[in-house]
Structures are given as structure tokens and as C-alpha cells.
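Peer 1: Residue numbering for the sequence shown follows the working numbering, beginning at 3 and increasing consecutively. Where a beta carbon is used, it is the ideal one built from N, C-alpha and C, also for glycine. Before anything else, here's the structure in question.
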Amino acid sequence: MFYSKYRPQQFKDLIGAETIVKTLKKSLAEGKFGHAYFFSGPRGSGKTTTARLLAKALNCLNLGSDGEPCDQCSSCEAIKKGNFLDVMEIDAASNRGIDDIRDLREKVKLASAQGKYKVYIIDEVHMLTKEAFNALLKTLEEPPAHVVFVLCTTEPRKVPETIRSRCQKFGFKRAGRVDLIRQLQLIVDQEDVVVAQEDLGRIVDASDGGFRDAENLLEQLIVGGLSISELLGGSQTDSLEFVKHLIDLDLGGCFNLIDDLFSSGASLEVFAQDCVETLRQIMLVSGGVGEELVETTRERYQQLKELSLKLKPSDLRQLLDLFLEALPRFARSPIVQLPLELLASTYISPKSISPTFINNSLPLVPDDRLSDSAKPVRIKASLPVEKPKSRGEELVEDSSAAGDPRRIDWTQENGDSNITLELICRLWEEFLEKVRPHNHSLRALLSSSRPKECLEGGVVVLEMFYQFHLEKVKEPKNMEILEKVLAEVTKRPVKIKCVLGDRSTKPAISVAMVNSKVTDSSPADLQNEVELLAKKARAVFGELGAGY
3 MFYSKYRPQQ FKDLIGAETI VKTLKKSLAE GKFGHAYFFS GPRGSGKTTT ARLLAKALNC
63 LNLGSDGEPC DQCSSCEAIK KGNFLDVMEI DAASNRGIDD IRDLREKVKL ASAQGKYKVY
123 IIDEVHMLTK EAFNALLKTL EEPPAHVVFV LCTTEPRKVP ETIRSRCQKF GFKRAGRVDL
183 IRQLQLIVDQ EDVVVAQEDL GRIVDASDGG FRDAENLLEQ LIVGGLSISE LLGGSQTDSL
243 EFVKHLIDLD LGGCFNLIDD LFSSGASLEV FAQDCVETLR QIMLVSGGVG EELVETTRER
303 YQQLKELSLK LKPSDLRQLL DLFLEALPRF ARSPIVQLPL ELLASTYISP KSISPTFINN
363 SLPLVPDDRL SDSAKPVRIK ASLPVEKPKS RGEELVEDSS AAGDPRRIDW TQENGDSNIT
423 LELICRLWEE FLEKVRPHNH SLRALLSSSR PKECLEGGVV VLEMFYQFHL EKVKEPKNME
483 ILEKVLAEVT KRPVKIKCVL GDRSTKPAIS VAMVNSKVTD SSPADLQNEV ELLAKKARAV
543 FGELGAGY
């Protein structure tokens, strides 16, 4: 294995632990080393490797004046091969009982067999039982002169303070991105293979700062003949593209990318983790952090910077929260794509209100029906809008409007139940919010749907735009919830029918749907209606044109 094959054999080969190495070498050169050491840090950060180098230096027959082992004498060679009798590695996870420690206490009394010192390396020492710690404490308090203990752990807080206080403590950190890439490049050169720098970067990102994990992933890539996407799932390019679709409120683009990744066999959970890292990098870039601290390529840094300019801080926080909520759902979701699809739908659908659709949907009043003080007022939205029409085009209803799929027939009334499309549209947001306590996921699915029409007998037709959403909503338990909630909201008995709509003509659900039709009224009444519309639009868009 690469991790064993390329394990550092001298202190100078250790990467990312320069301060610890300097301290140990100085104490070894002066002969003032301790009887017990406590190494703590994340997995793969070099704790056990450093412990072996310390054991090699203590027993080296030709120790350098700077405290560096020669790596050539018989003791160094035996320790390197793992057959030196006086260096013992104990896995505390499987030898954690008091009997194991009592046996160790008996053995430490014996003189060393090959070298000058007996070195006991106890890995994952935090796994010892309370009784075992108490037994070990006695030995640490009165250690034999020829014995050195090295206690290694990833959970230092689980080790009693009485144990830690009797050791020299050293904290190991995760390796930096540059250090890890440098180490992987050395292995690639030694193996005489070619691996793209971008692929090495992705391996480093997936290893979470651990040398062992990074080297194991590199070995799988080289020996297994896998592509980086097959090994890790998705790609950083895909995560950038997905985040861009979210920022652009492109729900269809999100769903298509999720489907492509699923079809290619990529791990969507790993892909979601990549997206979290991408959003974190956007957050760092937006805070003015430089390219080196973000630990990415120059080209990717520029892409992140462009996205950071398009994303509000509040939206960035919302996306991070949504991804962190989605990650645990992968383990229990019956459909692999669902957590990401719900995330995209939850974020995009409430934001995809089209101001153009509002303008086109409102039944405008001809200019000659209003007084000068009651002229129609157009509202400036903070969202991008289509090229404005001329005043004549705005005030005269298009004769082809009847065929526009975004239009709503405000006069449609069907059946004896007095259920109208106008009523359903007006109560739509209330209906969605009352569905949420019953089923949060169902509420998210409905975010990308719309009421289409009302039929005789109190039947409300809901139009869905994705086959998967349609199938989930039509499940009996979900239909029961929807009909029950809609009946409560409308105070009328209703039945719901779900149909699949055409995505290309999908309109946004907008506040325009909740406004009543304009009737023949006095100019004062019309002015009041216009002001009411402006007030409602202010609540949605928060920014009005001049005069309000």
C-alpha cells in the first residue's frame, strides 16, 4: 500500500509538523527526552509515523548530532521492517481492558532485548477502560528508566487529565493543501505515472487533510484504473454548475444535472458535500479571502468570485443550511435523487416569482376609464424584467391573450360547489403553508406546481411539471392530506386531480393570482384597487416605483 510504502523514514521527511520535529530532534540531540509522550490530532496527520521515528531515534546506533536517525544501522532497519523486539505497537481499541494493561505492566519491568530503550506505542489510547487507565497511571508515575511510552489519540478529551499531565503533549494538525499535493506528486513521480493536477487537488479535497486517506485514494486511482469522477463521484465542475443553476433560479437545470449524475453512477451524497465545499469557498471569497487561503486554482478562484458577486449573503446562508439539512437525508431517503431535488425546489420555487408575469396577468383598465389621478401605476421590481412595452401596449389588452398560458381566466366558475380558480389562486399560499405541518417534503414538491382549473363537482386540477413530483404527490396518503387541507382552507368539499404539464410553458406562481378581477366601478374605486395592488406588490418585492 502507498501509505506504508511511502511512510517517512526520517524526521526530515515529515511534512506539516515542522515545530514538533524541531522540538523532538533538539531533545534527542541533547539526551533530554521524556519518559512519556502524548500525540493528539486528526487521523492521518502523522501521529503514529512520528512515534515510530521517535522509537528509531532512541535506538539508533549512529544518531546524528542534530537528533536525526541514520536509517541505515541494524536497529533502524529492524524498526523499519517492524521486527524490532523493543518497539511494540498496541491497539487500545482491541486491547482495552485492565488485564491487558496489567500484562503490559509486567513486561515493562523486563530489560530491553535489542536496543537501548523499550518503546510502547499505544494507538487510540482513549479507547481504554477507566480501570485500564488507572492501572496505566501507576506505571506512568513510576516509569522504568529504559521505557518510553507514546500515547496516540484522535480524541484527547476522552483521556483522563491525570494521564495527560504526566506526558509531554504534542498536537498534530491536518496537513495543508499545498503540502498534501506535494506529497502526492512525489508518489506519482516515484510510480512513473501521469495524474492531472486537478485530479490531485480533488483527492486532497476529499481526504480532509489526512495523508493516509489521500494516499489511499491516489492508490485506488492509479491501481484501480478508475477515473476521478468514478472514484469520488461528480466533479468540482459539476458542483460549480449546480450552484450556478441555484443562483440563476434554474430549477430545470438543477434537475437535469442531478439526473445526469445519477445516470453516470456518481455518488450524489459526495456531490452534495462538494457543493457544500463550493459554497464555503464562495463565502470565503466574498469575505475577501485570497486564492492561497481558499486553497484552489486561479481559474476556479475567478469562477467563485463571479458567483459570489451574484449571491446575497442571506441567500448564501440559506443554501448552506439547506445542504447541511439535506446531507443526513441521503442515508434514509428511498430515492437517491430526492434530497437534492427537494433542496433545489425549496430554494428556487419561492424566489421564482416573475414580475413580467404579474404585469401580464393583471387585468388592466383602459385609460379612458380612469381619471388623471387614477392612472395605472407600474411597479418596479428588484428582479430582472423583460423589455418594457410602450404605454399603448401596456394599457390595451392583447387580443391574443386568451391563448397565453400565463393568463388566468378570472371569470371561470364551475360546479355547484362554488369552487373557482380565482378562489384557489387567492388561497394558494395559505394552502401551501398549512400543508407544511402535515408533510414538509410534500410542501416542497408543491412549490413547483400550480392550480390549473376547476371542474364540475368541486374538482381542483393541479398541474405538476416533473414526472417524479407527480408520482409522489399522487400517493394516496399525500392526496388525502391535500384534499383535507384544501377543504379546510376553502371551507368547501373538494377533490384534487393532478396532471403533468409542459415545462416549456410553465409559469411562475405569482401574487397576481390572488387579485380579484376588475369590474365596472367608479374612478375612486379603481384608484383604491390600484393602491391595493401596489401594497401587495410592495410586500413581495419590497421596492416600488416613484410615487409610492
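Between L248 and the rest of its own chain, which residues show a CB-CB distance below 8 Å, the 5 nearest in sequence each way excluded?
Peer 2: Counting from 1 along the sequence shown, the entry for residue 248 is found at position 246. Correct list, in chain order: C256, L321, A346, Y349 and I350.
Peer 1: Between which two residues does the alpha helix (DSSP H) harbouring I124 extend?
Peer 2: Counting from 1 along the sequence shown, the entry for residue 124 is found at position 122. From DSSP, I124 is part of no alpha helix (DSSP H) but of the beta strand (DSSP E) over K120 to D125.
Peer 1: Assuming K486 is part of the alpha helix (DSSP H), what are its boundary residues?
Peer 2: As a working note, residue 486 is residue 484 in the sequence shown. Run containing K486: P478 to T492, per the alpha helix (DSSP H) assignment.
Peer 1: Shorter than 8 Å, the distance from the beta carbon of E455 to the closest heavy atom of the ligand FAD, or not?
Peer 2: Judged by which ligands are present, the structure shown has none, so any question about the ligand FAD falls away.
Peer 1: Would H442 be called buried (16 or more neighbouring beta carbons within 10 Å of its own) or exposed?
Peer 2: Looking up residue 442 in the sequence shown gives position 440. The residue is exposed, with fewer than 16 neighbouring Cβ atoms inside 10 Å.
Peer 1: Excluding sequence positions up to five away, which residues of its chain have a Cβ less than 7 Å from the Cβ of Q11?
Peer 2: Residue 11 sits at position 9 when you count from the first residue of the sequence shown. Correct list, in chain order: D73 and K82.
Peer 1: Within a Cβ cutoff of 6 Å, which residues of the same chain sit near P158, ignoring the five residues on either side of it in sequence?
Peer 2: Locating residue 158 in the sequence shown gives position 156, where the first residue counts as 1. Closer than 6 Å at Cβ, skipping near neighbours: S42.
Peer 1: Determine the contact status of R19 and S47, defining contact as a CB-CB distance below 9 Å.
Peer 2: Numbered from 1 along the sequence shown, position 17 holds the residue referred to as residue 19. Numbered from 1 along the sequence shown, position 45 holds the residue referred to as residue 47. The question names Arg, but residue 19 in the sequence shown is Ala. It is a contact, given that the beta carbons lie within the stated cut-off.
Peer 1: According to DSSP, simplified to helix, strand and coil, what is F174?
Peer 2: Taking the first residue of the sequence shown as 1, we reach residue 174 at position 172. Looking at F174 - three-state DSSP - the assignment turns out to be coil, as it is neither helix nor strand.
Peer 1: Quick one: grab the DSSP three-state call for S29.
Peer 2: Taking the first residue of the sequence shown as position 1, residue 29 is located at position 27. Helix at S29.
Peer 1: Are the CB atoms of L139 and R168 within a distance shorter than 9 Å?
Peer 2: Here the question's residue 168 lines up with position 166 in the sequence shown. Here the question's residue 139 lines up with position 137 in the sequence shown. Yes, these two residues count as a Cβ contact at 9 Å.
Peer 1: Looking at the unbroken beta strand (DSSP E) that takes in I498, where does it start and where does it end?
Peer 2: The residue you call residue 498 lines up with position 496 of the sequence shown. Here the beta strand (DSSP E) through I498 covers K497 to L502.
Peer 1: Given a threshold of 16 other Cβ atoms within 10 Å of its Cβ, counted over all protein chains shown, does R300 qualify as buried or as exposed?
Peer 2: Reading the sequence shown from its first residue, position 298 is the one you call residue 300. Counting Cβ neighbours within 10 Å, R300 comes out exposed, since fewer than 16 surround it.
Peer 1: Among L130, K111, E279 and L153, which residue has its Cα nearest to the Cα of E144?
Peer 2: Walking along the sequence shown from the start, residue 144 turns up at place 142. That would be K111, whose Cα lies nearest to the Cα of E144.
Peer 1: Spatial neighbours of L188 within its chain, please: C-beta separation below 8 Å, excluding the five flanking residues on both sides.
Peer 2: One-based indexing of the sequence shown puts residue 188 at position 186. Same-chain partners within the cutoff: Y8.
Peer 1: If the criterion is Cβ atoms closer than 9 Å, does the pair L326 and I284 meet it?
Peer 2: Stepping through the sequence shown from its first residue, residue 326 is reached at position 324. Stepping through the sequence shown from its first residue, residue 284 is reached at position 282. No, the pair does not count as a contact, with Cβ atoms beyond the cut-off.
Peer 1: With DSSP run on the structure shown, which of helix, strand or coil describes I337?
Peer 2: Working through the sequence shown from its first residue, we reach residue 337 at position 335. Coil, per DSSP.
Peer 1: Can you tell me the Cα-Cα spacing of R98 and H37, whole angstroms?
Peer 2: The sequence position of residue 98 within the sequence shown is 96, counting from 1. The sequence position of residue 37 within the sequence shown is 35, counting from 1. Whole-angstrom Cα-Cα distance: 21 Å.
Peer 1: Taking the Cβ atom as the reference point for each residue, do R302 and L242 lie within a distance shorter than 9 Å?
Peer 2: Residue mapping note: residue 302 aligns to position 300 of the sequence shown, counting from 1. Residue mapping note: residue 242 aligns to position 240 of the sequence shown, counting from 1. Against a cut-off of 9 Å, the Cβ pair of L242 and R302 comes out as a contact.
Peer 1: By the DSSP assignment, the alpha helix (DSSP H) with I284 in it spans what residues?
Peer 2: Locating residue 284 in the sequence shown gives position 282, where the first residue counts as 1. Residues L270 to S288.
Peer 1: CA-CA distance, T164 and N136?
Peer 2: Mapped onto the sequence shown, residue 164 falls at position 162. Mapped onto the sequence shown, residue 136 falls at position 134. In a straight line, the C-alpha of T164 is about 9 Å away from that of N136.
Peer 1: Rounded to the nearest angstrom, what separates L16 and L263 at their Cα positions?
Peer 2: Taking the first residue of the sequence shown as position 1, residue 16 is located at position 14. Taking the first residue of the sequence shown as position 1, residue 263 is located at position 261. Distance between the alpha carbons of L16 and L263: 38 Å.
Peer 1: If I follow the unbroken beta strand (DSSP E) through M464, where does it start and stop?
Peer 2: On the sequence shown, position 462 is the one that residue 464 refers to. At residue 464 the sequence reads Leu, which differs from the Met that was named. Taken as a continuous stretch (DSSP letters only), the beta strand (DSSP E) holding L464 covers V461 to M466.
Peer 1: If L434 and L448 are in contact, beta carbons under 8 Å, what's the gap, nearest whole angstrom?
Peer 2: Residue numbering aside, residue 434 sits at position 432 when the sequence shown is read from its first letter. Residue numbering aside, residue 448 sits at position 446 when the sequence shown is read from its first letter. 6 Å between Cβ atoms; contact.
Peer 1: From the beta carbon of M466, is the nearest beta carbon of chain B less than 9 Å away?
Peer 2: As a matter of chain content, chain B is missing from the structure shown, which is built from one protein chain.
Peer 1: If we ignore side chains and look at the alpha-carbon of each, how far apart do D240 and A268 end up?
Peer 2: As a working note, residue 240 is residue 238 in the sequence shown. As a working note, residue 268 is residue 266 in the sequence shown. One C-alpha to the other measures close to 11 Å.
Peer 1: K246: buried (16+ other C-beta within 10 angstroms of its C-beta) or exposed?
Peer 2: Along the sequence shown, read from residue 1 onward, the residue named residue 246 stands at position 244. Classification for K246: buried.
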